[in-house]
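For the sequence shown, the working numbering assigns the number 310 to the initial residue and increments by one for each residue that follows.
Backbone N, C-alpha and C fix where the C-beta goes; we use that ideal spot for every residue, glycine too.
The structure appears below as C-alpha cells.
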Amino acid sequence: MSKEEPTSTTAQPEQMQAQANSGATLNVPNTVTVGRVFLAIGTLCLLWQPADSMKWTAFILTIIVIWMDGIDGYLARKLKQTSKLGGILDIAGDRVVEMAYWICFSVLNWIPVWIPLLFLVRGTFVDAIRAHASEQGFTAFGQNTMMQSPVGKFLVASNFSRFTYAVVKAVAFCLVVGAHTQLGQQWSLEPIAMFFVYFSAVFCVIRGLPVILESKSVFQHRT
C-alpha cells in the first residue's frame, strides 16, 4: 500500500487537470474557434462596401480566417486542452464559416444560388448520418471511421482528400473576393475563381456520396 499511495497522489493532479481541460468551455482553443466565426462574419460585411480598399481588407482577413482553421486544433494539442466540446465547436465553426461565405457570395450575385444550396443539403445529410454513426461508436475519420470501402476511406477519411478539399475551398474563397477588386477585374480573375468554385462543388458531392451510400451499414449496426 505504501508504494501505491505516492503513485496515486501524483496522478491526482494530472487527472484533475485533464478533467478540468475536458470540461472547460472558454479555454484558448475554443476561444480561437469562436473568434474565427465572428471574424469571418465581420470580414463578409466588408464585401458590401463599395471602396476597393475594403475588398482588399476582406481578402487579407479571409486568408487569416482560413489560417485560423488549423490554429485551434494545434493549440488544443499543444496546451493539452482537447475536449468533446472543442471538437463540436470546431466542426460547427467550420460549417458556419463555410456557409456564410457561400451564402454571401450568392447574395452578391458573385456565384449561382445553387452553390450554397448544394453545400447546405450535402452538409445536412452528411452531418445527420455522422451524428447517428457517432452514437454507434463510429467516427467520421480515424481508425473507427464509419467508411468501410477503400474508395470511401480515401475520398472521405484520408488526410490527402481532406487537405485537398480544404485547400480548394480556401483558394475559391480568396479568389472570389480578389476577383471583385479593381486589380482582380483587370487581371480577369473571375473565370479562375469560378473554376475553383465549381471544383469545390464537385468535390463536395464526391466526398458526400460515399457517406450516404455506406450509411446503410451504420443504420443496421447494433451495439
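Can you tell me the Cβ-Cβ gap for residue i and residue j, rounded? I've got them flagged as a contact below 8 Å.
i    : j    : result
V477 : F508 : 6 Å
F368 : T490 : 7 Å
L335 : C413 : That belief does not hold up - the Cβ atoms of L335 and C413 are roughly 28 Å apart, past 8 Å.
C513 : L427 : 6 Å
Have a look at residue i and residue j and give me their C-alpha separation to the nearest angstrom.
i    : j    : result
M292 : G396 : As displayed, the chain neither begins before 310 nor continues past 532, which places residue 292 out of reach and without an answer.
P533 : L522 : What is shown of the chain runs 310 to 532, which leaves residue 533 out entirely.
F505 : L398 : 27 Å
T342 : R386 : 14 Å
R516 : G379 : 20 Å
F463 : A360 : 44 Å
K364 : S443 : 41 Å
D381 : I400 : 11 Å
N330 : A475 : For N330, the predicted model reports a pLDDT of 49, less than 50, meaning its position is unreliable and no value from the coordinates is stated.
T473 : G461 : 15 Å
M456 : L518 : 11 Å
T366 : N418 : 20 Å
G332 : G432 : For G332, the predicted model reports a pLDDT of 49, less than 50, meaning its position is unreliable; a value from the coordinates is still stated below. Spanning the two alpha carbons is a distance of roughly 28 Å.
S362 : H441 : 46 Å
M377 : Y410 : 15 Å
K525 : W496 : 48 Å
K393 : Y383 : 15 Å
R534 : V422 : Because residue 534 is not part of the residues shown, which for the chain are 310 to 532, the question remains open.
I420 : V430 : 17 Å
L492 : A481 : 17 Å
I373 : L388 : 21 Å
Q494 : V465 : 36 Å
S311 : A437 : A caution first: S311 carries a pLDDT of 44, below 50, which makes its placement in the model too unreliable to give a value.
How about residue i and residue j: are their beta carbons less than 8 Å apart?
i    : j    : result
R345 : G402 : yes
T371 : T352 : yes
V511 : V435 : no
A349 : V416 : no
Q390 : P425 : no
I375 : A479 : yes
Grab the span of the alpha helix (DSSP H) containing residue i for me, first residue to last.
i    : result
I369 : D361 to K387
Q494 : Q491 to Q495
E499 : E499 to L522
L484 : N468 to A488
V405 : K393 to V416
F347 : V337 to C354
At the 8 Å Cβ level, is residue i part of the contact set with chain C, yes or no?
i    : result
V422 : As a matter of chain content, chain C is missing from the structure shown, which is built from one protein chain.
Worksheet item: Is the stretch 462-469 in contact with the stretch 495-504, if contact means three or more CB pairs nearer than 8 Å?
Response: no
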